[in-house]
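Residue numbers (our numbering), protein chains in the order written: chain A, 229 to 446; chain B, 609 to 917. We put the CB at the ideal spot given by N, CA and C, even for glycine. Following: one structure in structure tokens, then a few remarks.
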């Protein structure tokens with residue numbers, strides 16, 4: 229599903245953020261991406277989401293060579309990738325419902341389908357009663373769950389999360405990880421970047437560790 | 609991916625259009641100022657255009673009153689003069705011909721000038737016989753005039769054919785100059801409308817930077833991001849155009865009274881042309897075009913700078 233072949237990424241005027249990275253994530257696999265801060269975790273996820281492009285090497289996602297994807301196709305590609313962020317990236321001028329509906333509105337879904345799928349996604353993350361709330365009125369854990377609902381609402385085959393529990397206490401973190409496991413169980417490929425070794429250690433999934441932009445352990 | 613659905617697409621457009629109108633409504637003062645600036649910038653050239661158009665109508669009326677005077681040579685007898693006048697009246701581009709013998713000319717001059725005694729002391733009549741010609745109304749263009757004048761001057765018995773309308777030509781040139789001036793002014797003010805809208809949209813984009821980033825992250829195309837801003841420009845332009853139209857109408861309403869009185873004093877058929885119908889279409893259309901263009905330029909310039917990172 230996600231394949232890296234000798235991938236290098238260098239930001240202008242800086243050291244290599246990733247060098248010679250190769251790994252392969254199977255379809256329907258769940259894996260953690262870990263390493264010290266600055267090891268290149270975020271950069272790696274950005275390459276998959278096409279927020280950045282690799283300087284060298286091949287990134288193939290869902291049989292699509294990202295290096296060959298023209299710029300105008302990037303939005304359509306991103307619709308098949310669910311993204312979860314540490315700081316949620318919610319829009320505070322609209323309700324929870326409208327936040328979760330955004331990817332569907334962008335994809336041009338019709339009104340009824342949007343209502344149905346947004347409620348289904350909110351139900352999955354346990355926030356069905358909060359659809360009319362403003363994000364600002366929710367707790368950190370709830371906001372993160374809204375972010376997850378938005379990431380999965382158009383049923384992407386790949387879900388990426390960058391430090392999704394970075395701001396949460398252990399109990400909430402575990403809940404969030406439980407959600408990711410649920411999505412993985414229905415076939416979604418889940419790739420979570422986290423430096424929370426304690427949390428990751430308790431879960432039985434593959435671990436890809438980066439050190440200074442190189443693959444340390446897999 | 610969902611199949612492309614025209615109904616959904618149009619519905620989205622309508623929603624975005626309404627939403628951007630709502631955004632303007634939520635900041636009434638700022639929006640009003642922008643719309644007024646656009647309105648006034650459009651009203652100025654439009655008002656001048658109406659004025660210039662009226663002057664053109666007016667000079668057209670005067671041109672129709674043009675007359676050509678043919679001064680005959682001294683040795684031409686009155687009978688011959690009468691004959692020429694009759695011949696001329698059969699020319700297709702001549703409407704009316706009046707023959708005035710040298711005696712009649714003298715009489716007229718005596719009546720008008722009050723120099724009767726002086727004239728009596730002259731040994732002979734110094735005034736020539738004159739044929740006064742009124743061209744048909746269609747002969748109003750300068751070229752046609754010049755052509756007729758030339759043919760008349762070529763007649764053997766004619767000493768001088770004169771069209772006393774130099775001032776009219778000057779007016780016409782002045783009018784043309786005015787026309788150019790208005791065009792230049794309109795271009796400059798259109799540019800300023802573009803800049804005003806561009807700047808307003810730029811601020812709107814900066815205000816919604818986070819939103820744009822998030823939209824791009826969840827797969828929004830540039831067209832999707834651009835759409836609300838284009839509609840914002842659309843509304844600014846459209847409303848500005850309507851304001852411009854109202855401004856011109858009010859200005860005309862204010863000056864129409866004195867203008868009509870003035871026309872009455874000159875016993876002229878002239879009445880102010882409001883052009884309200886033409887402008888009602890043209891001004892909002894113009895504003896709309898400038899609004900969307902300004903927004904497009906601003907979005908194009910700033911959108912690419914906002915990418916998720």
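Nearest-angstrom Cα separation, counted from residue j out to residue i
i: residue 350 (chain A); j: residue 889 (chain B); result: 49 Å
i: residue 687 (chain B); j: residue 781 (chain B); result: 41 Å
i: residue 297 (chain A); j: residue 285 (chain A); result: 14 Å
i: residue 723 (chain B); j: residue 869 (chain B); result: 37 Å
i: residue 574 (chain B); j: residue 814 (chain B); result: No answer is possible for residue 574 (chain B): it lies beyond the span of chain B, which begins at 609 and ends at 917.
i: residue 726 (chain B); j: residue 714 (chain B); result: 12 Å
i: residue 319 (chain A); j: residue 820 (chain B); result: 10 Å
i: residue 759 (chain B); j: residue 644 (chain B); result: 57 Å
i: residue 805 (chain B); j: residue 785 (chain B); result: 30 Å
i: residue 904 (chain B); j: residue 648 (chain B); result: 22 Å
i: residue 246 (chain A); j: residue 630 (chain B); result: 46 Å
i: residue 341 (chain A); j: residue 376 (chain A); result: 19 Å
i: residue 614 (chain B); j: residue 336 (chain A); result: 10 Å
i: residue 776 (chain B); j: residue 667 (chain B); result: 7 Å
i: residue 655 (chain B); j: residue 859 (chain B); result: 8 Å
i: residue 874 (chain B); j: residue 861 (chain B); result: 21 Å
i: residue 434 (chain A); j: residue 428 (chain A); result: 10 Å
i: residue 455 (chain A); j: residue 444 (chain A); result: Nothing about residue 455 (chain A) can be reported from this structure: the residues present for chain A run from 229 to 446 only.
i: residue 680 (chain B); j: residue 702 (chain B); result: 18 Å
i: residue 618 (chain B); j: residue 846 (chain B); result: 20 Å
i: residue 437 (chain A); j: residue 384 (chain A); result: 25 Å
i: residue 710 (chain B); j: residue 652 (chain B); result: 54 Å
i: residue 885 (chain B); j: residue 863 (chain B); result: 19 Å
i: residue 450 (chain A); j: residue 658 (chain B); result: Residue 450 (chain A) lies beyond the range of chain A shown here (229 to 446); nothing can be said about it.
i: residue 304 (chain A); j: residue 916 (chain B); result: 15 Å
i: residue 373 (chain A); j: residue 355 (chain A); result: 8 Å
i: residue 836 (chain B); j: residue 400 (chain A); result: 37 Å
i: residue 706 (chain B); j: residue 855 (chain B); result: 49 Å
i: residue 906 (chain B); j: residue 788 (chain B); result: 30 Å
i: residue 242 (chain A); j: residue 270 (chain A); result: 16 Å
i: residue 942 (chain B); j: residue 642 (chain B); result: Here chain B covers residues 609 to 917 and nothing more, so residue 942 (chain B) does not appear.
i: residue 685 (chain B); j: residue 660 (chain B); result: 48 Å
i: residue 717 (chain B); j: residue 754 (chain B); result: 28 Å
i: residue 381 (chain A); j: residue 404 (chain A); result: 16 Å
i: residue 689 (chain B); j: residue 741 (chain B); result: 13 Å
Beta-bridge partners of residue i, as assigned by DSSP
i: residue 417 (chain A); result: A:386
i: residue 839 (chain B); result: In DSSP, residue 839 (chain B) forms no bridge with anything.
i: residue 236 (chain A); result: A:284
i: residue 706 (chain B); result: B:740
i: residue 244 (chain A); result: A:238
i: residue 445 (chain A); result: A:437
i: residue 261 (chain A); result: A:421, A:436
i: residue 660 (chain B); result: According to DSSP, residue 660 (chain B) bridges with nothing at all.
i: residue 310 (chain A); result: A:387
i: residue 677 (chain B); result: B:740, B:770
Chain A contact residues for residue i, given Cβ-Cβ distances below 9 Å
i: residue 818 (chain B); result: 317, 319, 320
i: residue 620 (chain B); result: 333, 336
Chain-ordered neighbours of residue i on chain B, where CB pairs are closer than 9 Å
i: residue 306 (chain A); result: 824, 825, 826, 827, 828
i: residue 334 (chain A); result: 823, 826, 827, 828, 829, 832
i: residue 399 (chain A); result: What residue 399 (chain A) touches in chain B: nothing, since even the nearest Cβ is about 28 Å away.
i: residue 350 (chain A); result: None at all; the shortest Cβ gap to chain B is about 16 Å.
i: residue 298 (chain A); result: Per Cβ cutoff of 9 Å: no residues; residue 298 (chain A) is ~13 Å from chain B at best.
Contacts of residue i in chain A (Cβ-Cβ under 7 Å)
i: residue 835 (chain B); result: The premise fails here: residue 835 (chain B) is roughly 11 Å from chain A at the closest Cβ pair, so nothing lies under 7 Å.
i: residue 916 (chain B); result: 279
Proximal residues of chain B, C-beta to C-beta of residue i below 8 Å
i: residue 378 (chain A); result: 826
i: residue 311 (chain A); result: 825, 826
i: residue 355 (chain A); result: The premise fails here: residue 355 (chain A) is roughly 18 Å from chain B at the closest Cβ pair, so nothing lies under 8 Å.
Chain A residues whose Cβ lies nearer than 8 Å to that of residue i
i: residue 909 (chain B); result: Near residue 909 (chain B) there are no residues of chain A at all, since even the closest Cβ is about 17 Å away, more than 8 Å.
Under 7 Å from the C-beta of residue i: neighbouring residues of chain B
i: residue 246 (chain A); result: Those within 7 Å of residue 246 (chain A) in chain B number zero; the least Cβ separation is about 16 Å.
i: residue 387 (chain A); result: Ordered by position in chain B, no residue passes the 7 Å Cβ test against residue 387 (chain A), which lies about 13 Å from the chain.
i: residue 431 (chain A); result: Under the 7 Å cutoff, chain B gives no residues; its nearest Cβ is about 26 Å from residue 431 (chain A).
Exercise. Of all the residues that make up the segment 266 to 279 of chain A, which are near chain B by a beta-carbon distance shorter than 7 Å?
Worked result: Those would be 279, in chain order.
For this session: Evaluate the contact criterion for the segment 783 to 802 of chain B versus the segment 829 to 837 of chain B: three or more CB pairs, one atom per stretch, below 8 Å.
Result: In short, these stretches do not touch, since the Cβ pair count stays below three.
Problem set entry | the segment 836 to 867 of chain B: positions lying closer than 9 Å to chain A by Cβ | Flagged: no residues at all.
Exercise. For the segment 617 to 628 of chain B against the segment 269 to 289 of chain A, are there 3 or more C-beta pairs whose distance is under 8 Å?
Worked result: With fewer than three CB-CB distances shorter than 8 Å, the segment 617 to 628 of chain B does not count as touching the segment 269 to 289 of chain A.
Exercise. Counting Cβ pairs, one atom from each stretch, are 3 or more of them under 8 Å apart for the segment 255 to 262 of chain A and the segment 302 to 314 of chain A?
Worked result: They do not touch, by the three-pair rule.
Exercise. If we count Cβ pairs, one from each stretch, closer than 8 Å, do we get three or more for the segment 388 to 401 of chain A versus the segment 317 to 334 of chain A?
Worked result: By the Cβ test, the segment 388 to 401 of chain A is not in contact with the segment 317 to 334 of chain A, since fewer than three Cβ pairs between them sit closer than 8 Å.
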